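In the working numbering, the protein residues as written are -15 to 809. Have a look at the structure below before the remarks.
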């Protein structure tokens, strides 16, 4: 370095001087190893003695060379090696022999003052004793060929010649084998015996962007619920690039959105859109792309690679639709009474808009809580309803029978739908007509005029329509001539006189036939006795009554006197007896005839109308309802016969709901009306019965009385929920939100979890929330409610005594509340 000085005056003088500046080194560069290749490898004899040099480490420090130190920082050899801190010579330790073909690995650090470590992987391989074909100088670390080399081609990518030159046979790929190729070269001498040695060669390759991303699978098939909300996770696609590039995802055609789906560019996560969605298809197909960025290599982004995969999103059905009987209002099936068990009635059908098992429906018959047995069966698969008994229209079954069919889907939990309809039991002509008397006996006046109604016969038929319509015909099987005097009205049963009477007695026969196919009939005999015309006036007891004296101020209604008249009861005749002599002789005598009453009075009821009589509907079978009594109307002949007449409707005892039992008590004959079948206020509330009584005279006469029976309701019916309900409530809704309303007087059940989350208004039946719901914590709640009517129960308790306390009926309806996720913007 030179310095110059200049004079300030006009004359210029110069001078110079050499200056030497010493620059002092600052330790600002890290040391580095100069051994190659990395990681370094060498071999060691199996029986190498302790302190045997196996390798010399070489490192440099750009700042200074004398500050370098070597250390083993991670030893995986079990302490079999050590390194000289200053020289970097690696030596063996210990006396135990090394194991054949075992790899010993340890990490060595080089330091220069305060700089951070620079680590190197140092690998030693032990080789067989006496086979040292390859030597590594303990100070240089350079591999040298010791003897003539024989070789075998141990890797199809490389070959080696006798000079030890290794060449590649194929194009190398940096994306395989951890970016390097490793193989073993064997050297064998030609001595006797021949000895061999091996060396491991590792060839490192330089990477370039020549691989496209690979998806973990070509087709993804995730499932998503049909009612999934916005941002619901669908699936995650995975792709990798052998070059080590970063991979970005999208949909074919560009962008990260496709219809109702979005994909995250970095992670490959596919979700539903964050807006309102509607998954109305069975599946959705998405074409997804994976694209690398060339970050693996220098100028790697010059060529960008892509690959595609298909995501088929299957929409899983949610069981949110219950089965529906769309044609239920049109079901009016009929089945003939007497049809054998198993006769087809109707085929019902329910549809469920859900899919898969959620839409598969099975059928069953709903049995009411107080019903004994089922009168119908249904095929659970086809919905074919069949009879489960032989029906009797005139018996307990009646004209109509209600049936309820339930359709249940196979979801979990399952949903149900019900259909109730009435089956009409059609009539079969299986009952003949029945007359109300076993025999008719009647008096007819001798002077009765033509067209007079003489007697009305009456028959009933328990069958319906034409099978129960009665037509009357008249015959005279005992004396065919009798039919000339009478005729019968076929509809009303009145026997009418059509010819003047000229005999004392007529015997006829009436036939009652129904109009069924074929018709049924019954016969009854009619005896008509002709009585004389009334040509005898009454006879007064006295020819003159009075004089009778009364006061002028006598009150109205005072008896003045009594007079009496009677029919002529005594006849006086004169009879004569005469012989056959000549001349004949005779004598007369007076004969007095007293006429005695023939007792042709009908029976007399104590009351012609009984009732209304109030009884409880749970009166047991056999219990007495009322006792009635009538007198015979015949002096010294009190015998009477009672009969409970079958009516034409259920209210008039058509189905024999009541029966009559006759008994004698203190010289009188009573009739007890008793219960014959269980009563039901909900079906029939009142009955109108007719009782006929006949006396036991020579001519049986009858009279009738009416009994009115009124049923009183008792608390014997269980409130019935016909199906389970499903309701929804949005998560996050405030406490007190109304969910639904049930139309029964209900109470909370202590046996379910729902009472902790819902409350019920005892007055209105409205159900409200008690908490704010979070769908992620729990998605469904089961609330069980009980119904009670608040009246004393008529059902017996365990002691078979009436229970006067309010009864809580067992729960038979479950309300399920599905909490749907509400995504707030």
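We put the CB at the ideal spot given by N, CA and C, even for glycine. Only a predicted model underlies this, so the values are computations on that prediction, with no experimental measurement involved.
If you reduce the DSSP assignment to three classes, tell me which class residue i lands in.
i, result
"residue 465", "helix"
"residue 740", "helix"
"residue 450", "helix"
"residue 362", "strand"
"residue 607", "coil"
"residue 636", "helix"
"residue 341", "helix"
"residue 811", "Examination of residue 811 is not possible in this model, given that the chain is present from -15 through 809 alone."
"residue 784", "Since pLDDT at residue 784 reaches only 40, below the 50 mark, its modelled position is unreliable, and the value read off the structure follows with that caveat. It is coil, neither helix nor strand."
"residue 281", "coil"
"residue 522", "coil"
"residue 718", "coil"
"residue 484", "coil"
"residue 46", "coil"
"residue 4", "coil"
"residue 417", "coil"
"residue 313", "helix"
"residue 533", "coil"
"residue 477", "coil"
"residue 266", "coil"
"residue 181", "strand"
"residue 257", "coil"
Based on the DSSP output, what are the partners of residue i in its beta bridges?
i, result
"residue 507", "495"
"residue 646", "655"
"residue 423", "509"
"residue 555", "577"
"residue 318", "408"
"residue 328", "370"
"residue 144", "150"
"residue 210", "Answer is none; residue 210 lacks a bridge partner."
"residue 459", "493"
"residue 164", "188"
Does the beta-carbon distance from residue i to residue j come in below 9 angstroms?
i, j, result
"residue 223", "residue 243", "no"
"residue 624", "residue 677", "yes"
"residue 669", "residue 719", "no"
"residue 466", "residue 490", "yes"
"residue 30", "residue 90", "no"
"residue 298", "residue 336", "no"
"residue 617", "residue 530", "no"
"residue 403", "residue 323", "no"
"residue 482", "residue 409", "no"
"residue 605", "residue 597", "no"
"residue 393", "residue 350", "no"
"residue 438", "residue 428", "yes"
"residue 249", "residue 237", "no"
"residue 507", "residue 452", "no"
Can you say whether residue i is buried or exposed, counting buried as having 16 or more other CB atoms within 10 angstroms of its CB?
i, result
"residue 109", "At residue 109 the pLDDT is 42, less than 50, meaning the model places this residue with poor confidence; the figure from the coordinates comes in the next sentence. So residue 109 ends up on the buried side."
"residue 675", "buried"
"residue 586", "buried"
"residue 195", "buried"
"residue 557", "exposed"
"residue 227", "buried"
"residue 786", "Because residue 786 sits at a pLDDT of 34, beneath the cut-off of 50, its placement in the model cannot be relied upon, and the following sentence gives the value as read from the coordinates. When all chains shown are included, residue 786 counts as exposed."
"residue 671", "buried"
"residue 378", "buried"
"residue 296", "exposed"
"residue 803", "A caution first: residue 803 carries a pLDDT of 45, below 50, which makes its placement in the model unreliable, though a value can still be read off. Buried, since its Cβ has 16 or more Cβ neighbours within 10 Å."
"residue 566", "exposed"
"residue 365", "exposed"
"residue 269", "exposed"
"residue 311", "exposed"
"residue 637", "buried"
Using 8 angstroms for Cβ pairs, my map puts residue i next to residue j. What's the rounded Cβ distance?
i, j, result
"residue 440", "residue 478", "5 angstroms"
"residue 500", "residue 431", "Actually they are not in contact, since the Cβ atoms of residue 500 and residue 431 sit about 42 angstroms apart, beyond 8 angstroms."
"residue 314", "residue 292", "54 angstroms between Cβ atoms; not a contact."
"residue 300", "residue 215", "Going by Cβ atoms, the distance from residue 300 to residue 215 rounds to 18 angstroms, so no, they are not a contact pair."
"residue 457", "residue 504", "Rounded, the Cβ-Cβ distance is 14 angstroms, inconsistent with contact."
Got a sec: does the ligand ATP put a non-hydrogen atom nearer than 8 angstroms to the Cβ of residue i?
i, result
"residue 672", "Ligands in the displayed structure: none, and consequently the ligand ATP is not present."
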